[in-house]
Amino acid sequence: MPIQLSDFQKIGLGLSIFGVGFIFLGMIFLFDKGLLAVGNILFLAGLSMIIGFERTLRFFFQRNKIKATLLFFGGISIVLFGYPLVGMIFEIYGFFLLFGLVRFLNSCSRAAMAEWLRCLTHIHKIL
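What the sequence shown shows, in the working numbering, is residues -11 to 115, in sequence order.
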């Protein structure tokens, strides 16, 4: 069962992968603020292209996720203002609150492009 993505989603997937790569390189290069800032912007742009701008806004601004959203975007803001280590601590904590493993697997099971994830060993039992 091949995964079918629109051209817009393919571009978003590429942006997200590059964003995660830049964040990873920024952390390896002793929290280089330029790489971290570019990675954050690319990741958010890619995410909004994959699932759509409106769904991205609805995801981040739910009442039960407001603390995680504030930590995540606060961390991004702190990185952009020039304090990458402190910003990444806030951002990573907010990321895990937003995109926890169970929440991640549940959202992937509903997404048409990640239906193959349910076929992996015993993941469907967790859901």
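For every residue, glycine included, the Cβ atom is placed at its ideal position computed from N, Cα and C.
Query, Result
"For K55 and I64, the rounded distance between their alpha carbons", "14 Å"
"Burial state of F69 (16 or more Cβ within 10 Å)", "exposed"
"Contact with chain B by A25, beta-carbon distance below 7 Å", "Structure shown: chain B not included; a single protein chain is present."
"Contact under 7 Å by Cβ, I38 with Q(-3)", "yes"
"N52 classed as buried or exposed, judged by whether at least 16 other C-beta atoms fall within 10 angstroms", "exposed"
"DSSP three-state assignment for Q(-8), whether helix, strand or coil", "coil"
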